[in-house]
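Have a look at the structure below, then the notes.
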Amino acid sequence: MKPMKSLQNALNWSMILVSVLSVLMVGSFWIFQEYKKFNDELSSIRNQYYSTQKKAIKDEVHRVLNYVNFQRATTEEKLKRNIRARVYEAVAIAENLYKTHHNDKSDEEIKTIIKEALRPLRFNQNRGYFFIYDMEGNNVLLPTFSKWEGRNLWNLKDSKGDYNIRRFVRLLKEKGEGFLRWYWYKPDKRDSMSEKIGFSKVFKPFGWWIGTGEYLEDYTNNIQKEVLEWINKIRFGRDGYIFVYDFQANTLAHFKQKNIGINRWNFRDSSGQYVVRKLIEISQKNDGGYLNYVGTIRPSTGKPAPKIAYAKAVKDWNWMVGAGLYVDSINDVIAERQKILGRKIRTSILTILGILIISLICISFISRFISRKIAKNISVFTYFFEQAVTESARISDKSVYFSEFKQLARSANTMVDERKRSAESLERLQKQLQQAQKMEAIGTLAGGIAHDFNNILAAILGYAEMAKDDSPPDSSVARDLEKVLDAGLRAKELVQQILSFSRQADTQCIHVQPATIVNEVIKMLRPSLPSTITINSEIDSGTETIFVDPTRVHQIIMNLCTNAFHAMEEAGGTLDIFLRETVVDEKTVEQHELPGKSREYVQLTVRDTGSGISPEIKDRIFDPYFTTKEQGKGTGMGLAIVHGIIKSYGGFISIESELGKGTAVHVFFPIANKEVPDDEHLAQLLSVGSERILFIDDEEILAEMGRDILERLGYQVTVRTDSLTALETFQNEPEQFDVVITDQTMPGMTGTELARKMMLIRPDIPIILCTGYSTVVSEAKAKSLGIREFALKPLSKKDIAALIRKVLD
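For what it's worth, this note's numbering labels the leading residue of the sequence shown as 9, then goes sequentially.
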């Protein structure tokens, strides 16, 4: 065992250490090494200096060029965003004025109000203005050329011969808004047209389109001005700055503001070299180039000095961008290095003498040295206790001296370990709370998706069902449409599964064919598993039905397969999934305390070739929160929940496992023995009628589909795609309708509010409320408001037919 350090040993070793340090630190090679280092560096210092200076100015120029190129590349996009935002603002103003006055003023008065509101508006340094046309090419507003207002400009051509009004009308009829390039008169230049980019948007109340535009030349000049202002502020190094000339040598940017605008084509340095001409020539090479010349004035001295410059061109703008640095500073650098060397030599001599003196003094102050060690130990413990208030700090044995302090450090570390375990327990509880919050967020997202997705499914299923009805029963078209309907219904069930999983929808047990659910899970698993894991499945599609919640069963199978995947994640293996009917014996019935007398079950087996389950923990795997997975791969609730769900269905679970060979989980569902009527039988039960129906949905495709389905059932249908218009229609002739079918989520007025107002007009009117998904209204709430029936989209023809007869009969 290694002996602990004592105070006596520390004192002895300290004396030896001080003596050795005194000898070693008086190194006879110190001064020699400093001289050698200086001589080695002197030969390369000039080259290094020039390379550094050249790299510095090139980097600065390229930094500026990157900024310039970025501004050039984004000029048109910025312009488009600017004018589109302006048009949106103008349309918003017009819409607001229309909404404000459409009930108390005539259309002509509102048109005048809108025109006069937009006429004085200016932007983009007073160049921008708004114009208005109708779809026949009549000019409504043109502030810069007001004499054309009221004229038809359908046949007006620009300088390129294009009919711009016609082009805009075609674009707007197709898309409702968009960009266009054309040529037009500048306000201060009526003799010719300049290229312009414009954006227009349809204003539906009056059949107008409102737009604006900007001349590319003007906007590019603005961008160039902003770039030059930014460049003029750049400084680097001791005297570094960026200069910019155009290809005619006019000064665009310079550290001296008075030089901007001066032409330097004939400027020569003291050697007679045309500096700016040469830089312009060099800059137009692919990678630019360098030029050595004599600078006229060095900013820091006010005198001429040798200089090196780098320049590169921006050809689209006809610019030469460059930077330069004075290179005579190398002499100052060498002189400074010589001074540093002299100071080092003097310092070295003084240091050697000081070390010798200190070595002698240190021996006489050993006791002070020991006391400092003790003080240092105390500082370590003080820092530890300060940190331990908020952190899990520890004291290392290497950070303290003497055996007594080491023992104290161990005790302090024990205290920290206990507190750390308590903190980890609290952290686990916090993570469980965070997981619950994440699930709540997923539920909110699922609800938002469900509404739009169910509306889409409604259109797909509705039109597919009508197309199938119109097709010969045994035709290939009918068979294909049947597959479309099957896929749509699976999508509908998938939405319900998502809502159920996120606790956004209630679950219920129904008679299902288990093979369908198992095959769906296998399809989902194949792309998500790594290539090291092979899926082997044997699914009997002819098993009897089981009475379960399909969403729960889907979750159970996914849970078991996920556990199998984790068991084989590192080494790979085979995942077996089997489904078949089986009969259990009397012993099994008694062992699992199964209810009822039936011994016929559907058996699902999920088997992996992973590491297996040890016998010590096999009896605990169904305990809540028990898990063998590492942190982040589960909560321990999986098998406990599976066991509880299967037991509630009257089934049971058995597990076979062997270490090193794998695990097999067998799930037994009791057979329900209930036949489900086929589609042909349901079709025979389809109810028809001849009553008058008011059908309301803000989705045009769903409204048209509803009309077609109901008319095929024999009803007289009036369709409205706006809730306010529907209310007006009903107010005018409330007795003309036998039933109202309305969507819930619509702009202007919700379905429940529309129903309430209709029942105020005619209390006995039967109303059916439909929705893709809503957190605002449920079936119970709808019926409490007096609404006869509540239905979730998508609805099949037989569903809507049955609902109508239910509220009418």
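Ideal Cβ placement from N, Cα and C applies to all residues, glycine included.
Going by the CB atoms, is the gap between residue 236 and residue 210 shorter than 9 Å?
-> No; because the gap between Cβ atoms is not below 9 Å, this pair is not in contact.
DSSP state of residue 644 mapped onto helix, strand, coil | Its pLDDT being 43, under 50, residue 644 is placed unreliably in this model, and the coordinates cannot settle the point.
Euclidean distance between Cα positions of residue 348 and residue 355 | Cα to Cα, residue 348 sits roughly 10 Å from residue 355.
Beta strand (DSSP E) containing residue 143: first to last residue?
-> That residue, residue 143, is in no beta strand (DSSP E); it is neither H nor E in DSSP.
Report buried or exposed for residue 550, applying the criterion of at least 16 other Cβ atoms within 10 angstroms of its Cβ.
-> Classification of residue 550: exposed, given that the 10 Å Cβ count is below 16.
Using 8 Å as the threshold, is the segment 702-720 in touch with the segment 747-763, meaning 3 or more CB pairs across them?
-> Judged by Cβ distances under 8 Å, the segment 702-720 makes contact with the segment 747-763, as three or more pairs qualify.
Kindly list the residues whose CB is nearer than 6 Å to the CB of residue 230, restricted to its own chain and excluding five residues on each side of it in sequence; keep chain order.
-> Excluding residues up to 5 positions away in sequence, nothing lies with its Cβ nearer than 6 Å to the Cβ of residue 230 in the same chain.
Element boundaries [alpha helix (DSSP H), containing residue 228] = Per DSSP, the unbroken alpha helix (DSSP H) holding residue 228 starts and ends at 224-239.
Could you give the C-beta distance for residue 207 and residue 219, rounded to a whole number, given that I count them as a contact under 8 Å?
-> Right, their Cβ atoms sit about 6 Å apart.
Segments of 4+ residues assigned as alpha helix (DSSP H) that fall wholly inside the segment 522-602 | Along the length of the segment 522-602, whole alpha helix (DSSP H) runs at least 4 residues long occupy 522-533, 558-576 and 594-600, reported in chain order.
With DSSP run on the structure shown, which of helix, strand or coil describes residue 292?
-> Looking at residue 292 - three-state DSSP - the assignment turns out to be coil, as it is neither helix nor strand.
Leaving out five residues before and five after residue 798 in sequence, what residues of the same chain have Cβ atoms less than 7 Å from its Cβ?
-> These residues qualify, in order along the chain: 777, 787, 790 and 791.
Kindly indicate which three-state DSSP category residue 693 falls into: helix, strand or coil?
-> Any reading at residue 693 must be qualified, since the residue scores a pLDDT of 48, below 50, and its modelled position is unreliable; the value itself is stated next. It is coil, neither helix nor strand.
By Cβ distance, which residues of its chain are closer than 7 Å to residue 662, with the 5 residues on each side in sequence left out?
-> Excluding sequence neighbours, residue 662 sits near 674.
Residues in its own chain within less than 6 Å of residue 718 by CB, not counting five upstream and five downstream?
-> Close CB contacts of residue 718 within its chain, under the 6 Å cut and outside five residues either way in sequence, are with 701 and 725 (chain order).
Please confirm whether residue 649 and residue 677 have their CB atoms less than 9 Å apart.
-> No, they are not a contact pair.
Stretch-stretch touch, CB-based, cutoff 8 Å, three pairs: the segment 167-182 with the segment 150-158 | Contact fails: fewer than three Cβ-Cβ distances are below 8 Å.
Residue from 319, 542 and 771 whose Cα sits closest to the Cα of residue 577 = Proximity to residue 577 across 319, 542 and 771 peaks at 542, based on C-alpha coordinates.
Touch check for the segment 244-261 and the segment 328-335: three-plus C-beta pairs under 8 Å?
-> Segments in contact, yes.
Can you tell me whether DSSP reads residue 672 as helix, strand or coil?
-> Here residue 672 sits in strand by DSSP.
Does DSSP classify residue 474 as helix, strand or coil?
-> Per DSSP, reduced to three states, the secondary structure at residue 474 is helical.
Extent of the continuous alpha helix (DSSP H) run through residue 731 | 731-740 is the span of the alpha helix (DSSP H), which, as asked, contains residue 731.
Taking the beta strand (DSSP E) that residue 134 falls in, what are its first and last residues?
-> No residue range can be given for residue 134, since it is assigned to no beta strand (DSSP E) and is classified by DSSP as neither H nor E.
Per-residue DSSP class, three states only, for residue 776 | DSSP, reduced to helix, strand and coil, places residue 776 within a strand of the structure shown.
Relative to the alpha-carbon of residue 765, which residue among 785, 780, 784 and 742 has its alpha-carbon at the smallest distance?
-> For residue 765, the nearest C-alpha among the options comes from 742.
Which partner residues of residue 799 appear in the DSSP bridge assignment?
-> Beta-bridge pairing links residue 799 to 778.
Which whole-angstrom value describes the C-beta separation of residue 461 and residue 492, a residue pair presumed to lie in contact below a C-beta threshold of 8 Å?
-> Contact doesn't hold; Cβ gap of about 16 Å is too wide.
Supposed close pair residue 723, residue 698 - CB separation, criterion 8 Å | Indeed they touch by this definition, with Cβ atoms about 7 Å apart.
Where does the unbroken beta strand (DSSP E) through residue 666 begin, and where does it stop?
-> Annotation for residue 666: the continuous beta strand (DSSP E) segment containing it runs 660-666.
Unbroken alpha helix (DSSP H) run spanning residue 115, endpoints | Where residue 115 is concerned, the enclosing alpha helix (DSSP H) stretches over 115-126.
What separation, rounded to the nearest whole angstrom, lies between the Cα atoms of residue 685 and residue 658?
-> Unreliable positioning characterises residue 685 in this predicted model, as indicated by a pLDDT of 45, which lies under 50. The coordinate reading is nonetheless provided below. Straight-line Cα distance between these residues: approximately 25 Å.
Any idea if residue 902 is buried or exposed, counting beta-carbon neighbours within 10 angstroms, 16 or more meaning buried?
-> There is simply no residue 902 to check, as the chain begins at 9 and stops at 817 in what is shown.
Simplified DSSP state of residue 618, which is helix, strand or coil = Looking at residue 618 - three-state DSSP - the assignment turns out to be coil, as it is neither helix nor strand.
Whose CA, out of 593, 590, 738 and 101, lies closest to the CA of residue 767?
-> Comparing Cα positions, the closest option is 738.
Segment limits, beta strand (DSSP E) that includes residue 758 | Note, residue 758: premise wrong, no beta strand (DSSP E); not H, not E.
Does the distance from the C-beta atom of residue 544 to that of residue 582 stay below 9 Å?
-> In this structure, residue 582 lies closer than 9 Å to residue 544 by Cβ.
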